[in-house]
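In order, the protein sequences belong to chains A and B. If you count the first sequence from 1, position 142 lands on 645 in the working numbering, and the numbers rise without skipping. If you count the second sequence from 1, position 302 lands on 805 in the working numbering, and the numbers rise without skipping. Backbone N, C-alpha and C fix where the C-beta goes; we use that ideal spot for every residue, glycine too. A quick note: this is a predicted structure, and the numbers were derived from the prediction, not measured. The structure under discussion appears below in the form of structure tokens.
There are 2 protein chains.
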Amino acid sequence: MRVLILGGDGYLGWPTAIHFSAAGDEVWVADNFAKRQWELEEGIQPLRPVPTLHRRVARWRELTNNPIHLRVGDLTNHRFVYKLLEEARPDAIVHYAEQPSAPYSMQSRTTAVNTQVNNVAGTMNLLFGIQAICPDTHLVKLGTMGEYGTPNIDIEEGYLTVEHNGRTDTVLYPKLPGSFYHLSKVHDSNNIYFACRIWGLRATDLNQGVVYGIDTDQTVLDETLATSFHYDHVFGTVLNRFLVQASLDLPLTVYGKGGQTRGFLNIRDTLQCVELAARNPADRGEFRVFNQFTEQFSVRRLAEMVVAAGGRHGLDVKVDQIENPRVEREEHYYNARHSKLADLGLVPHLLTDAVLDDMLDTIVRHNAAVDTSTLMPSIRWAGGQVAAKA
Amino acid sequence: MRVLILGGDGYLGWPTAIHFSAAGDEVWVADNFAKRQWELEEGIQPLRPVPTLHRRVARWRELTNNPIHLRVGDLTNHRFVYKLLEEARPDAIVHYAEQPSAPYSMQSRTTAVNTQVNNVAGTMNLLFGIQAICPDTHLVKLGTMGEYGTPNIDIEEGYLTVEHNGRTDTVLYPKLPGSFYHLSKVHDSNNIYFACRIWGLRATDLNQGVVYGIDTDQTVLDETLATSFHYDHVFGTVLNRFLVQASLDLPLTVYGKGGQTRGFLNIRDTLQCVELAARNPADRGEFRVFNQFTEQFSVRRLAEMVVAAGGRHGLDVKVDQIENPRVEREEHYYNARHSKLADLGLVPHLLTDAVLDDMLDTIVRHNAAVDTSTLMPSIRWAGGQVAAKA
Numbered sequence: 504m505r506v507l508i509l510g511g512d513g514y515l516g517w518p519t520a521i522h523f524s525a526a527g528d529e530v531w532v533a534d535n536f537a538k539r540q541w542e543l544e545e546g547i548q549p550l551r552p553v554p555t556l557h558r559r560v561a562r563w564r565e566l567t568n569n570p571i572h573l574r575v576g577d578l579t580n581h582r583f584v585y586k587l588l589e590e591a592r593p594d595a596i597v598h599y600a601e602q603p604s605a606p607y608s609m610q611s612r613t614t615a616v617n618t619q620v621n622n623v624a625g626t627m628n629l630l631f632g633i634q635a636i637c638p639d640t641h642l643v644k645l646g647t648m649g650e651y652g653t654p655n656i657d658i659e660e661g662y663l664t665v666e667h668n669g670r671t672d673t674v675l676y677p678k679l680p681g682s683f684y685h686l687s688k689v690h691d692s693n694n695i696y697f698a699c700r701i702w703g704l705r706a707t708d709l710n711q712g713v714v715y716g717i718d719t720d721q722t723v724l725d726e727t728l729a730t731s732f733h734y735d736h737v738f739g740t741v742l743n744r745f746l747v748q749a750s751l752d753l754p755l756t757v758y759g760k761g762g763q764t765r766g767f768l769n770i771r772d773t774l775q776c777v778e779l780a781a782r783n784p785a786d787r788g789e790f791r792v793f794n795q796f797t798e799q800f801s802v803r804r805l806a807e808m809v810v811a812a813g814g815r816h817g818l819d820v821k822v823d824q825i826e827n828p829r830v831e832r833e834e835h836y837y838n839a840r841h842s843k844l845a846d847l848g849l850v851p852h853l854l855t856d857a858v859l860d861d862m863l864d865t866i867v868r869h870n871a872a873v874d875t876s877t878l879m880p881s882i883r884w885a886g887g888q889v890a891a892k893a
Numbered sequence: 504m505r506v507l508i509l510g511g512d513g514y515l516g517w518p519t520a521i522h523f524s525a526a527g528d529e530v531w532v533a534d535n536f537a538k539r540q541w542e543l544e545e546g547i548q549p550l551r552p553v554p555t556l557h558r559r560v561a562r563w564r565e566l567t568n569n570p571i572h573l574r575v576g577d578l579t580n581h582r583f584v585y586k587l588l589e590e591a592r593p594d595a596i597v598h599y600a601e602q603p604s605a606p607y608s609m610q611s612r613t614t615a616v617n618t619q620v621n622n623v624a625g626t627m628n629l630l631f632g633i634q635a636i637c638p639d640t641h642l643v644k645l646g647t648m649g650e651y652g653t654p655n656i657d658i659e660e661g662y663l664t665v666e667h668n669g670r671t672d673t674v675l676y677p678k679l680p681g682s683f684y685h686l687s688k689v690h691d692s693n694n695i696y697f698a699c700r701i702w703g704l705r706a707t708d709l710n711q712g713v714v715y716g717i718d719t720d721q722t723v724l725d726e727t728l729a730t731s732f733h734y735d736h737v738f739g740t741v742l743n744r745f746l747v748q749a750s751l752d753l754p755l756t757v758y759g760k761g762g763q764t765r766g767f768l769n770i771r772d773t774l775q776c777v778e779l780a781a782r783n784p785a786d787r788g789e790f791r792v793f794n795q796f797t798e799q800f801s802v803r804r805l806a807e808m809v810v811a812a813g814g815r816h817g818l819d820v821k822v823d824q825i826e827n828p829r830v831e832r833e834e835h836y837y838n839a840r841h842s843k844l845a846d847l848g849l850v851p852h853l854l855t856d857a858v859l860d861d862m863l864d865t866i867v868r869h870n871a872a873v874d875t876s877t878l879m880p881s882i883r884w885a886g887g888q889v890a891a892k893a
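Written out as structure tokens, the structure reads:
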């Protein structure tokens, strides 16, 4: 299969690229390195140094003899997109190439508008490019479970059948996104669904939960192959941040009451899910939606699990409930269906003690490099003006 | 009341401005004249010449002694938006300032992306400006009934209460927009709702039906006060186009079967509805949605009514069913609630024979200026590439 990974320099993009390459697929990656620029703006670095994408691609070839085709460019430049599609002629496109942080999007008017314009216009260029150049290509788009918000009813996979005044219809599941970033993903989903309806494109929208994990079967082969692991308040996800805090004898920072419940998955399962979606494409004209996570946890429960993992490492981990910088429900109903990827064969890596211990071991080895000033949130969702960056 | 009309040069914006001014309100208008530029791109002119906004504002002052404050600028320039809000300090903002045409948005990648970026980024700048400068201001935003599509269940006003697996929630009504333009309005609605939730802004989203009509109580006072009346395939609405075709002994062009049913309203009722919304503001934090139309018609039924009006004018009007350039259902269920504006006091101007006859009279007087080459659709929704402009 010819697979094009957009956002191939990222936390998930790079491991996805070498995962497909290891499986024998012909892999193309593209990136504009915007995420690295945003990190610089925030004064943020990943836990381990991440070599350039060029160096990682070269190292992968040295180790495996597998070429990965690398192109540098920006999806908001449609000429780049069209040329890339003409060259790569992909069977599947895995699209990670978006501004991925809710706090970043909430920092200022500039970051909010740039997030939406970058994500929406880039994805629109991609849709027009697919329609013009390779209309049979299967678009696998990364969305987020955060698009749904926390409704008081069960969350279905993409669609909801509604009976109303004696009549019935199946509609896109109503969304209640919680940041300008999450909104950009909702806009994308609506645009992609439209392109499937009017042009007969085929697409799978992966509403992904919160990803945790440091390594995959391929990244562990060589330290040059490491992926970007973030523990900070802007790009870090909650479990990754908690484990870094635990490793440094810092209290875990739970936002508010901690009853916020979300779907979670191991980075290894991201790769499995994306591969399952790509190898089982949507039909022409079909806009397919999968909820991509394996387990639900509350933030409070995750903190308890990290406290226990710390105990097994001789660390006396404390938990701080800090003021919630976000506007969100802190206690709520949450029950999200996630059976479609399991039906395709997903075998989950669950969040066991062994997984937590292994992550904590790796983090302890690298935590001398942690910048503790980037752990505490400084971007508030509400309260007069959006707070300026400290 | 201090009212700021964004898009004050447009078909609806200008009549809205002089409507509020006639009522004694302090009126500010802003426009960047982008719509006039888009008309030039398409080779399109309105039926009657439309003087510059500056001339119309000056003439209005000569006739009524009422000043209208005019500012020229673009909502995608946030510095313009912030300065405008600081000067005008509006109690209500009526926001028409968007690319308003579905066919225009479907013409090419460029027009699709520009439509979404222009509409979404402009509205985001406005939301941030309101939050920073005048958070108590009531935003009255023009949306469209086309955001809902044609679901098989009754269309409610903005929200739908869903019972699912024994639990209940009230959610934003699911949308199924039919063009990149309609999608931009859905994106806007989601962004505005979010701003109400997290910042406590107050907003009313007016999901407006298809507007028809040429004149209002104020535009008839002087020919300099005319508003932009479009009959063409890009910016013209269906009834306006049918009447122009009838006046010229040209067949009415029904797209496909003509069972497409939509909500319609007279331009005079647009002004009434906007005024009712502005004088009865939403609460802080409330995102209020009104369906703004007075009657439902199928396109086929409208054609029959125009044939009859033509008969009363001695015109033998024919109807052509032409290939539908859009991707849409041509026969479908349609029942949309529209009671909230009636509850506030809306007294509809219904589409009577007298209204049709009056419009046709005016059009017959001006139809020597019609460019008949702009009546037939040339922009197709689907079919390989979006068709190039003829």
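- Pairing GLY652(B) with PRO680(B) gives a Cβ-Cβ distance under 8 angstroms.
- For TRP884(A), the residues of chain B that pass the 8 angstroms Cβ criterion are ILE701, in the order they occur in the chain.
- At least one CB atom of chain A sits nearer than 8 angstroms to the CB of GLN619(B).
- When CB distances to chain B are screened at a threshold of 7 angstroms, not a single residue of the stretch 841–854 of chain A falls below it.
- According to DSSP, LYS644(B) shares a beta bridge with HIS598(B), ASP708(B).
- Among the CB atoms of chain B, one or more fall inside 8 angstroms of the CB of PRO680(A).
- For ASN694(B), the C-beta contacts it makes with chain A under 7 angstroms involve LEU686, in order along the chain.
- Linking VAL723(A) to PHE793(A) through their CA atoms gives a straight-line distance of about 28 angstroms.
- For ILE656(B), at least one C-beta of chain A is nearer than 8 angstroms to its own C-beta.
- Ranked by how close their Cα comes to the Cα of GLY513(B), the residues SER611(B), THR730(B), VAL616(B), PRO677(B) have THR730(B) in first place.
- Fully contained in the stretch 665–751 of chain A are the following beta strand (DSSP E) runs of length 3 or more, in chain order: 670–675, 705–711, 713–715.
- With the criterion set as a beta carbon lying under 7 angstroms from some beta carbon of chain B, the members of the stretch 564–590 of chain A are HIS581, in sequence order.
- Residues LEU630, LEU704 of the same chain have their beta carbon placed closer than 6 angstroms to that of ALA698(A), with the five preceding and five following residues left out of the count.
- Annotation: the continuous alpha helix (DSSP H) that includes GLU590(A) extends over 581–591.
- At the C-beta level, SER692(A) and GLU659(A) stay beyond 8 angstroms of one another.
- In the three-state reduction of the DSSP assignment, ASP864(A) falls in the helix class.
- In terms of Cα proximity to THR519(B), the closest of HIS598(B), GLU589(B), GLU542(B), ARG564(B) is HIS598(B).
- For the options GLY669(B), ASN710(B), HIS733(B), the alpha carbon positioned closest to that of GLY766(B) is the one of ASN710(B).
- The C-beta separation of GLY762(A) from SER801(A) comes to about 5 angstroms, placing the pair in contact by the 8 angstroms criterion.
- Judged by their CB atoms, HIS685(B) and PRO606(B) are not nearer to each other than the 8 angstroms cut-off.
- If you look at SER801(B), you'll find it in the beta strand (DSSP E) that goes 798–801.
- Look at the stretch 518–557 of chain A and you find these whole runs of beta strand (DSSP E), each 3 residues long or longer: 529–534.
- Annotated three-state conformation of ALA839(A) is strand, per DSSP.
- Bounds of the beta strand (DSSP E) holding ARG574(A) are 571–575.
- When C-beta atoms of the stretch 780–794 of chain A are compared with those of the stretch 738–758 of chain A, fewer than three pairs fall below 8 angstroms, so the two segments do not count as touching.
- Cβ contact annotation for THR727(A) (same chain, cutoff 7 angstroms, sequence separation greater than five): PRO554, ARG558, ARG559, ARG562, in chain order.
- With respect to the C-alpha of ASP856(B), the residue from HIS835(B), VAL820(B), ALA811(B), VAL873(B) having the closest C-alpha is ALA811(B).
- A Cβ of chain B is located within less than 8 angstroms of the beta carbon of ASN628(A).
- Within the stretch 765–797 of chain B, the complete beta strand (DSSP E) runs of at least 3 residues fall at 790–795.
- Nearest to GLY632(B) by alpha-carbon distance, out of TRP541(B), GLY814(B), TYR662(B), ARG582(B), is ARG582(B).
- Burial check for ASP874(B): the Cβ neighbour count within 10 Å stays below 16, so the residue is exposed.
- Take ALA885(B), set aside five residues on each side of it, and the residues of its chain with a beta-carbon closer than 6 angstroms to its own are VAL830, in chain order.
- Here the alpha carbons of GLN548(B) and ARG744(B) stand approximately 13 angstroms from one another.
- Residue pairing of GLN824(B) in beta bridges, as defined by DSSP: VAL757(B).
- Under the three-state reduction of DSSP output, ILE508(A) falls in the strand class.
- The Cβ atoms of ASP823(B) and VAL741(B) do not sit closer than 8 angstroms to each other.
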